[in-house]
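In the working numbering, the protein residues as written are 541 to 751.
Below is one structure, written out as structure tokens, with a few remarks after it.
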Amino acid sequence: MIRKEKSSMASLQNVHGASALHGIAAASSPPPQGSRGAVVMRDTGLLDKINLRCDAGNTVINEALSRVVGTRLPAEPNRFHVSGNRRIAWLGPDEWIILAENGSADTITAGLDLPEAGHVAVNNVSDALGSIILEGEHTRDALAKHCALDFHPTVFTPGIVQQSLLSHAGVTIMCLDDNAFQIIGRSSFMPYIVALLKDAMIEYGYEFQPA
541 MIRKEKSSMA SLQNVHGASA LHGIAAASSP PPQGSRGAVV MRDTGLLDKI
591 NLRCDAGNTV INEALSRVVG TRLPAEPNRF HVSGNRRIAW LGPDEWIILA
641 ENGSADTITA GLDLPEAGHV AVNNVSDALG SIILEGEHTR DALAKHCALD
691 FHPTVFTPGI VQQSLLSHAG VTIMCLDDNA FQIIGRSSFM PYIVALLKDA
741 MIEYGYEFQP A
């Protein structure tokens, strides 16, 4: 049977919420002389996020995901699948996170509410997590200042997702393209993460774009 958390936190489809970075203004620091371009940091705004716990080989869930999300579970560790603007990322042997456009969580969770699926847990964690995207030639350099992961382009390649610490904040980092990364963290930590990365990017120049 499926278990869906029904807490006091309503879905974003029913409540006009705010980004975890709401109120943080646009900011920029020009690239120093000789720099080859600034890093752009963008707030993804209201993005629905769904935590999914199940067996990777659950045929019923994989078929349902193909219908309601557009792709199946990535069974290979530390990988994510993409379908349009939606992503399913591996977090553990039986845990994934689904990222989708604002207002889609109720439809997706309803599509996974299948008695025949067996032991499955689906939780809407949209309000609990925030997200930013970093793009630019020096993105890897900036992230490496505060994270112990290996950001070398031959190691952290597009399609890989890793969980680690960005200084003192737990984060999930997805490599979207050669020099583009999405960072997901607890909503309460997102302003700290943005401030941390602004400082890390000063030597390259940066631009922060609110949602």
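Glycine included, each C-beta is placed from N, C-alpha and C at the ideal position.
In the DSSP assignment, what residue or residues form a beta bridge with residue i?
i: Cys715; result: Phe721
i: Glu675; result: Val580 and Ala720
i: Leu592; result: Trp636 and Val662
With the cut-off set at 7 Å, would you say residue i and residue j are in Cβ contact?
i: Thr679; j: Val662; result: no
i: Met730; j: Gly670; result: yes
i: Val579; j: Ala682; result: yes
i: Ala615; j: Ala596; result: yes
i: Arg593; j: Asp653; result: no
i: Gly745; j: Pro571; result: yes
What is the residue span of the alpha helix (DSSP H) that residue i lies within?
i: Gly778; result: Residue numbering for the chain in the displayed model covers 541 to 751; residue 778 lies beyond these limits and cannot be assessed.
i: Glu641; result: Not the alpha helix (DSSP H): Glu641 falls in the beta strand (DSSP E), residues Glu635 to Glu641.
i: Val608; result: Thr599 to Val608
i: Lys738; result: Met730 to Met741
For the beta strand (DSSP E) containing residue i, name the first residue and the last one.
i: Tyr746; result: Tyr746 to Gln749
i: Asp583; result: Val579 to Asp583
i: Ile628; result: Arg626 to Gly632
i: Lys685; result: Unbroken run through Lys685: none, as it is neither H nor E.
Would you say residue i faces chain C, with C-beta separation under 7 Å as the test?
i: Ile590; result: In summary, chain C is missing from the structure at hand, where a single protein chain is found.
Which one of the options has the shortest CA to CA distance from residue i?
i: His686; options: Ala560, Tyr732 and Ser644; result: Tyr732
i: His692; options: Cys715, Gly651 and Ser727; result: Cys715
i: Ser704; options: Arg626, Asp583 and Gly725; result: Gly725
i: Asp588; options: Val701, Ala640 and Thr599; result: Ala640
i: Phe696; options: Ser569, His708, Phe721 and Leu706; result: Phe721
Mind reading off the beta-carbon distance from residue i to residue j? Whole number of angstroms is fine, and I expect it under 8 Å.
i: Phe748; j: Ala567; result: 5 Å
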